[in-house]
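Notes for the one structure printed next.
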Amino acid sequence: MESISVLMTCPPVHPYLVEALEKRFTLHKLDSVPDKPQFLSSHRDSIRAVVGNAAAGADAELIDQLPKLEIVSSYSVGLDKIDLAKCKEKGIRVTNTPDVLTDDVADLALGLMLAVLRRLCESDRYVRSGLWKKGDYKLTTKFSGKTVGIIGLGRIGMAIAQRAEAFSCPISYFSRSQKPGINYKYHPSVVDLAANCDILVVACALTPETRHIINREVIDALGPKGVLINIGRGPHVDEAELVSALVEGRLGGAGLDVFQDEPNVPEELFKLENVVLLPHVGSGTVETRQAMADLVVGNLEAHFLNKPLLTPVV
Ligand SMILES: O=CC(=O)O
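Numbering-wise, our numbering comes out as the position in the sequence shown, counting from 1, plus 3.
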């Protein structure tokens with residue numbers, strides 16, 4: 004398989020993945036190519052696979068430039084950076100990394116809820132800056148028992164619900180349709196869900212329908228005591244509306260792992276103590292990233308050995 008050319012479109016952030024790919028394939032890292040258009044035109048007849056992630060995948064323009072492309076193996080569960088329709092049309096296979104990251108992302112969502120309500124980051128800064136010596140930290144807000152509303156009750160949404168239940172939190176949810184056999188309260192609209200929960204969590208896939216699913220109306224329904232948690236994608240949220248609601252005190256707080264234009268984060272948020280900001284690290288543990296890398300490589304091997312794909316999407 005050494006002769007098979009694989010193009011990595013995302014930055015080569017994980018040495019384990021890079022080494023595993025280099026051991027088996029001829030790996031090209033687009034990130035370190037100085038003249039990308041020239042590189043793509045000179046390698047258009049050799050590249051048979053693309054490896055991307057949540058930041059860079061395979062859009063229509065790239066796919067059209069690679070006529071020998073057979074498979075896109077994404078080092079992410081989210082598929083919003085891949086033109087799935089184009090892949091289907093051209094018979095290009097697509098794989099992602101579901102299941103192995105569910106626990107980590109759900110753990111982080113709960114961590115954000117606790118961090119925002121109990122002001123964990125702000126309390127930590129209080130100790131480090133020596134302020135404790137001048138007096139105790141102020142009282143915060145109880146988390147156990149708060150109503151958690153989840154947008155998207157897929158694998159990650161369910162894992163968040165199960166964890167929140169252990170904190171005696173009533174669970175309600177919004178999804179395209181009510182899930183059979185699930186006892187959580189279903190709300191047929193996001194505004195309705197937001198108006199009836201304390202903590203609203205975005206845990207759905209990013210699609211044209213879910214872009215800006217958190218808009219001004221939803222934020223106003225969540226209100227000055229409500230907290231928004233986003234472990235999905237930045238564009239799920241109308242970020243300008245979120246920032247103004249937080250700055251004006253129309254929203255109680257936010258825990259955000261994702262942003263519209265990563266790694267750029269609106270600086271107005273930096274001075275707000277009711278906001279916890281993370282650098283898109285939902286699946287960012289050694290154990291999980293290794294399992295994700297194994298899936299990326301395993302899917303490519305399966306494809307080129309004409310075996311069934313491990314986690315096929317298309
Ligand atoms: O954001 C991370 C992923 O989609 O895996």
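C-beta atoms are modelled at their ideal positions from N, C-alpha and C, and glycine is treated no differently. This one's a predicted model, so the numbers in the text were calculated from it and none came from an experiment.
For Glu212, the number of other beta carbons within 10 angstroms of its own is below 16, and it is reported as exposed. When C-beta atoms of the region 290-301 are compared with those of the region 74-91, three or more pairs fall below 8 Å, so the two segments count as touching. Assigned with DSSP and collapsed to three states, Gly287 falls in coil, not helix or strand. Cα atoms of Glu64 and Phe146: separation of roughly 46 Å, rounded to the nearest angstrom. The three-state secondary structure of Tyr189, taken from DSSP, is strand.
Using a cutoff of 7 Å, the CB of Gly157 does not count as near ligand 1, since none of the ligand's heavy atoms is closer than that. The shortest C-alpha to C-alpha distance from Val230 to any of Asp195, Ile185, Val278 is the one to Val278. Of the heavy atoms belonging to ligand 1, at least one sits nearer than 7 Å to the Cβ of Thr100. Under DSSP, Lys32 forms a beta bridge with Met11. Counted as a single uninterrupted DSSP element, the alpha helix (DSSP H) harbouring Phe42 occupies residues 39-46. Taking a contact as a CB-CB distance under 8 Å, the pair Ile66 and Lys93 counts as one, their CB atoms being some 7 Å apart. Between ligand 1 and the CB of Ser76, the shortest heavy atom gap is not smaller than 7 Å. The set of residues with CB atoms less than 6 Å from any heavy atom of ligand 1 reads, in chain order, Ala57, Ser79, Val80, Gly81, Leu104, Gly285, Ser286. In this structure, Met116 is the residue among Lys141, Val205, Gly60, Met116 with its C-alpha nearest to the C-alpha of Ala167. The C-beta of Asn233 has 16 or more other C-beta atoms within 10 Å across all chains shown, which makes the residue buried. In this structure, the straight-line span from the alpha carbon of Gly255 to that of Ile159 is close to 24 Å. Going by DSSP, Leu225 is part of the alpha helix (DSSP H) stretching over 219-225. Just so you know, the alpha carbons of His215 and Lys149 end up roughly 25 Å apart. Shown here, Ile159 sits in a helix according to DSSP, grouped into three states.
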